[in-house]
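To start, the structure itself, in structure tokens.
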Amino acid sequence: MSSVKAPPVVILGIIALFLYWVVQDPVGAAAMIHGVFDWLLGFLQLMAERIVQFLSALT
């Protein structure tokens, strides 16, 4: 099985669009990035709590 890889042109295009968006709307871009990090940290906190609950249930 071969993995599907995006051509470098597509990746460069996505990066260029992201940078263009950051230049055009830095406040919106910062809010979106902040939201993504908030979601990621919330997910990691939830997983840590579940792991602690699981380990405490074993003892």
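Under the numbering used here, the sequence shown is numbered contiguously, ending at residue 60. All C-beta atoms, glycine included, are put in the ideal place defined by N, C-alpha and C.
Considering only the beta carbon of each residue, do residue i and residue j sit closer than 8 Å?
i: residue 30; j: residue 22; result: yes
Within its chain, find whatever has a CB closer than 6 Å to the CB of residue i; leave out the 5 residues flanking it on each side and keep chain order.
i: residue 41; result: none
Return yes when at least one heavy atom of the ligand COA lies under 7 Å from the C-beta of residue i, else no.
i: residue 9; result: The model on display carries no ligand, and the ligand COA is accordingly not part of it.
Return the chain-ordered list of same chain residues with a C-beta closer than 7 Å to the C-beta of residue i, the five sequence neighbours on each side being excluded.
i: residue 56; result: none
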